[in-house]
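Below: one structure, written as structure tokens.
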Amino acid sequence: MLLNKLRILVALACCFVLSLLIGVHLTTKASGDTVYVIPIEETVEKGLSKFLERSFQEAEDMNAKHIILDINTPGGAVDAALEMADTIHNSAIPVTAYVNRRALSAGAYLALNADDIYMAPGGKMGAAAIIDTNGNAADKKSESLWLAEMEDAAKKNGRDPKYALAMADADVDAKEAGAPKGKLLTLSPDKALDVGYSEGTAQNIDDLLKKLNLEDAKVEYGEVSFAEKVARFLTHPIVIPILLSIGSLGLIVELYSPGFGIPGFMGLSALMLFFYGHLVAGLAGMETLLLFIAGIVFIILELFLPGGIAGIIGVIAVVASLFLASGSFKVMAVSILIATAVSIAASILLTKVLGKRMKFFKKFILTDSTSTESGYVSNVTRHDLIGKIGVTQTPLRPAGTVIIDDERLDVVSDGSFTEKDKKVKVMKVEGSRIVVREI
1 MLLNKLRILV ALACCFVLSL LIGVHLTTKA SGDTVYVIPI EETVEKGLSK
51 FLERSFQEAE DMNAKHIILD INTPGGAVDA ALEMADTIHN SAIPVTAYVN
101 RRALSAGAYL ALNADDIYMA PGGKMGAAAI IDTNGNAADK KSESLWLAEM
151 EDAAKKNGRD PKYALAMADA DVDAKEAGAP KGKLLTLSPD KALDVGYSEG
201 TAQNIDDLLK KLNLEDAKVE YGEVSFAEKV ARFLTHPIVI PILLSIGSLG
251 LIVELYSPGF GIPGFMGLSA LMLFFYGHLV AGLAGMETLL LFIAGIVFII
301 LELFLPGGIA GIIGVIAVVA SLFLASGSFK VMAVSILIAT AVSIAASILL
351 TKVLGKRMKF FKKFILTDST STESGYVSNV TRHDLIGKIG VTQTPLRPAG
401 TVIIDDERLD VVSDGSFTEK DKKVKVMKVE GSRIVVREI
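So in UniProt numbering, spot 269 of the sequence shown is number 269, and the numbers just go up one at a time.
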């Protein structure tokens, strides 16, 4: 049985590694004037950050003359936005941000990091106040860091930092731009042009190329591969706790059933999807996956080895691998807490329903019984000694020995010290404990 389970695990791991190879994105060299357009869409998160990094590398490999960031995002994770800003700054290729609809929150920060900004008609840029994972205002430390980043992004490209700060802090007065104190700044194309946060309005990418004098250049579009799309979904902060909950719940249910069934397969599949997303997104390495697989092997071994040690080692290895794979310690900690709560609730429910039939806990529960029919005889209780007189053979401090009716017995005094060769009387018998008193 153990060999079969290990074979299943190895087979799943091999399929998983092979699936990673399917996601490999191949590129070719290009010559001449090339403009590389990179879409920045949906939520800013770690998966998008890795896609941007790959896209910039492709642009460099094809000797692109210019990079355009086609931005339409409501914002997202600060840590991912900071990584993306570093990618933009480290590029030797000029970068233009095209606010094609919305560049809000972290999206506005990314636009400010570009060398120049153009906006589509009706586009919006701003509303960049930082919030926590619950949607509440962030702590002062995080807010201070974010304001400094917004200010630096504006200064690096010769823009007035006041308006970048007004996007992230409602206490900054920017009434000339439509955001008096108490209101976050969100710029329209006209307002952005007025305050120097836009070089102009472009109807579309073709119009933008004309304004950049690049209408004759070859245009290449960065495409999110299928693997990257899956990775972006699987690394979303909402999806992570769901995968971990399914994974832990599936493995727990598997402990209640013989063999390797559907619950175990679903649990392992959910955890494999978690690692697939983080590996493709570049957040985890193969060593993290190997640590996770080792943890699962130890958990499976726990089904056959007594003591619980293998299970404990397995759980520690799995949890450690989850944190190593995470792009955010806080998100992972919250996700694990949610998964743990789901697992505990499920364990309590299953224990009440199935009780001692749970295979895993049988190792920790004494199920053997003894009876006189099977030959078991308990200690004889000597109530017949009560009231009898004997002589101490050793001092009682308070334990010692006495002779009663020519029988040597181990006794204890009722608390007082009794010398050798003293007469004592048996006062009571408690199980195998005989209590005497000097007379």
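We put the beta carbon where it would ideally sit given N, CA and C, even for glycine. Note that the structure is predicted; figures quoted are calculated from it, not measured.
- The beta carbon of L409 sits closer than 7 Å to those of T401, V402 and I434, all from its chain and outside the five residues before and after it, given in chain order.
- For the options A202, G178 and K183, the alpha carbon positioned closest to that of D194 is the one of G178.
- Around the beta carbon of H383, fewer than 16 other beta carbons lie within 10 angstroms, which makes this residue exposed.
- The shortest C-alpha to C-alpha distance from P39 to any of D61, D160, I71 and E45 is the one to I71.
- Assignment of R159 by DSSP, reduced to helix, strand and coil, places it in the coil class.
- In the DSSP assignment, P39 forms a beta bridge with D70.
- CA-CA distance, M150 to V318, rounds to 38 Å.
- Runs of the alpha helix (DSSP H) lying entirely within the segment 146 to 232 and spanning at least 4 residues, in chain order: 161 to 168, 189 to 194 and 205 to 211.
- Residue pairing for R408: DSSP places it in a beta bridge opposite I403.
- Taking a 10 Å sphere around the C-beta of V426, we find 16 or more other C-beta atoms and assign the residue as buried.
- Sequence-distant Cβ neighbours of E438 in its own chain, meaning closer than 6 Å and more than five residues away, are T418, K422 and V424.
- In the assembly as shown, N204 is an exposed residue. Its beta-carbon has fewer than 16 other beta-carbons within 10 Å.
- Secondary structure at T34: strand, using DSSP grouped into helix, strand and coil.
- Distance check between V35 and each of I242, E215, L273 and F226 places E215 closest, using alpha-carbon atoms only.
- For the pair S142 and I130, the Cα-to-Cα distance works out to about 8 Å.
- Judged by DSSP secondary structure, I93 falls outside any beta strand (DSSP E); it is assigned neither H nor E.
- As a beta-bridge residue in DSSP terms, S413 pairs with V436.
- A Cβ-Cβ separation of about 4 Å places A81 in contact with A106 under the 8 Å criterion.
- DSSP places K425 inside the beta strand (DSSP E), whose first and last residues are K423 to E430.
- Within the same chain, and ignoring the five residues on either side of H89 in sequence, the residues whose Cβ sits closer than 7 Å to its Cβ are N113.
- In the three-state reduction of the DSSP assignment, K65 falls in the coil class, being assigned neither a helical nor a strand state.
- Each residue's CA atom was taken as its position, placing A85 and A108 some 11 Å apart.
- Fewer than three beta-carbon pairs drawn from the segment 231 to 241 and the segment 285 to 299 are found closer than 8 Å, and the two stretches are therefore not classed as touching.
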